Amino acid sequence: MLKLTQPNYGYVEVLDLCRDGITGNRGLLQKVNDAIPNLQAKAQEYEASGVMGELYTIEPLQIQDEDDPVVLGQLKKSDLIKLYGNYLVGNKKPARAVYDSLMVAADEKCPFCGGIGRPRNLDHYLPKAHFPQFSIIPVNLVPSCRDCNMDGKGEGYAAIEDEQVIQPYLDNDRYFNEQWLSARFLPSNDAEPGVIEYFVSPPEHWEDSHKKRVEKHFNDFELGLRFSKEAGPRLVTLMSQYRALLGLQISAESSKSVIFQKAVDESPFVNHWERVMCLTLISEL
Numbered sequence: 008m009l010k011l012t013q014p015n016y017g018y019v020e021v022l023d024l025c026r027d028g029i030t031g032n033r034g035l036l037q038k039v040n041d042a043i044p045n046l047q048a049k050a051q052e053y054e055a056s057g058v059m060g061e062l063y064t065i066e067p068l069q070i071q072d073e074d075d076p077v078v079l080g081q082l083k084k085s086d087l088i089k090l091y092g093n094y095l096v097g098n099k100k101p102a103r104a105v106y107d108s109l110m111v112a113a114d115e116k117c118p119f120c121g122g123i124g125r126p127r128n129l130d131h132y133l134p135k136a137h138f139p140q141f142s143i144i145p146v147n148l149v150p151s152c153r154d155c156n157m158d159g160k161g162e163g164y165a166a167i168e169d170e171q172v173i174q175p176y177l178d179n180d181r182y183f184n185e186q187w188l189s190a191r192f193l194p195s196n197d198a199e200p201g202v203i204e205y206f207v208s209p210p211e212h213w214e215d216s217h218k219k220r221v222e223k224h225f226n227d228f229e230l231g232l233r234f235s236k237e238a239g240p241r242l243v244t245l246m247s248q249y250r251a252l253l254g255l256q257i258s259a260e261s262s263k264s265v266i267f268q269k270a271v272d273e274s275p276f277v278n279h280w281e282r283v284m285c286l287t288l289i290s291e292l
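Residue numbers (the numbering used here): 8 to 292.
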């Protein structure tokens, strides 16, 4: 939902920093050095597929009789996972600067849920358990909140185009610049202002696969429920202000412009939950 700018670090630079940090494991360093051309080719494959919205076409690691298969050259699955856990995440390692840079670049906003959650760690868009060859590719590392990382996406990955959640770094601008999130206002019969109910309503001109992708994203991250919870307290405040203006004999249209349109105009992006809520209130009140 939130577009992330391309990382400051390219893959070659990240790989070099990780290699610089491998000071006590000559065997691993040699295997990494030998596999550099293959690793770089895989990084290029990832970025090209991501830009085309075709990451689902990359085959996951096939684990049959052995739990730690060879993935690239002499590099095993455990080696590639260690490259991330020990030499990119590890404190006091040169590549830790990459981890910190990616976290800071998110500006305390999880891109999967549109910023309602605060990133706690980096999530592998293609999970390293199934795609260890991409364990340290910067554009595969997404700053994520706990809800999106653990409860939303987890270790899941897409097998077909429709199942892909939005890739914050590489996906087409349509998912970030065109409105596909909608809402309806359910007024209350008592003193409470009511409820905002969110749903997916992509543009008609989108292809079916693109529509299904935002539906998948919306459902996987439980954005309907999470956005409604965010909207509840804000709705109380906005409706109180709106009714106060009506009580001063200010017209409904002028009151909507002062209270709701202002929030629409100041929203940070097109599918922000508050923007969509205020658009709904303007049209339905």
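Glycine residues also receive a C-beta, built at the ideal position from the N, C-alpha and C atoms.
Note that the coordinates shown come from a computational prediction; the quantities given were computed from them, not determined experimentally.
| query | result |
| --- | --- |
| Please state if the CB of E185 and the CB of P145 are separated by a distance shorter than 9 Å. | no |
| To the nearest angstrom, report how far apart D27 and R103 are at their CA atoms. | 11 Å |
| Could you give the C-beta distance for E291 and F192, rounded to a whole number, given that I count them as a contact under 8 Å? | 5 Å |
| So does the stretch 133-142 actually touch the stretch 79-94, counting three or more Cβ pairs closer than 8 Å? | yes |
| Does the distance from the CB of L148 to the CB of P14 come in under 9 Å? | yes |
| For Y94, which residues in the same chain have their Cβ closer than 7 Å to its Cβ, ignoring the five residues on either side in sequence? | C25, G28, I29, K100 and A102 |
| Using CA coordinates, which residue listed in G34, E61 and L79 is at the minimum distance from Q171? | E61 |
| Could you give the C-beta distance for L177 and V19, rounded to a whole number, given that I count them as a contact under 8 Å? | With 8 Å as the limit, L177 and V19 do not qualify as a contact, their Cβ atoms being about 18 Å apart. |
| List the endpoints of the continuous alpha helix (DSSP H) containing N226. | D215 to D227 |
| Quickly, what does DSSP pair E204 with across the bridge? List them, please. | R191 |
| Go ahead and pull the three-state DSSP assignment for P240. | helix |
| In terms of residues, what are the limits of the alpha helix (DSSP H) holding N45? | I43 to V58 |
| Taking 9 Å as the threshold (C-beta atoms), are G122 and P275 in contact? | yes |
| Would you mind stating whether L82 and L109 have Cβ atoms separated by less than 9 Å? | no |
| Let me confirm a value: P67 is counted as buried when at least 16 other C-beta atoms fall within 10 Å, else exposed. Which label applies? | exposed |
| Opposite K83 in the DSSP bridges: which residues? | V77 |
| So D230 and A113 are supposed to be a Cβ contact under 8 Å. How far apart are they, rounded? | The identity of residue 230 in the sequence shown is Leu, whereas the question assumes Asp. L230 to A113, Cβ: 18 Å. No contact. |
| Might you give, ordered along the chain, the residues of its own chain that have their beta carbon closer than 6 Å to the beta carbon of F183, omitting 5 neighbours on each side? | K10 |
| With the cut-off set at 9 Å, would you say V283 and S189 are in Cβ contact? | yes |
| Using the beta-carbon count (16 or more within 10 Å), is T287 buried or exposed? | buried |
| Cutting at 7 Å between CB atoms, please list the residues of its own chain near Y297, excluding the five before and the five after it. | This structure does not reach residue 297, given that the chain is present from 8 up to 292, and the question cannot be answered. |
| What are the boundary residues of the alpha helix (DSSP H) that D130 is part of? | Careful: D130 lies outside any alpha helix (DSSP H), inside the beta strand (DSSP E) at N128 to H131. |
| Determine the extent of the beta strand (DSSP E) in which S151 is found, giving its start and end residues. | L148 to S151 |
| Over what stretch of residues does the alpha helix (DSSP H) that includes V111 continue unbroken? | R103 to A112 |
| Among N98, K84, N156 and M246, which one has its Cα closest to the Cα of C285? | M246 |
| Hey, F225 and W280: beta-carbon distance below 9 Å or not? | no |
| Among R220, S85 and I65, which has the Cα closest to the Cα of V39? | S85 |
| Helix, strand or coil for L177 per DSSP? | coil |
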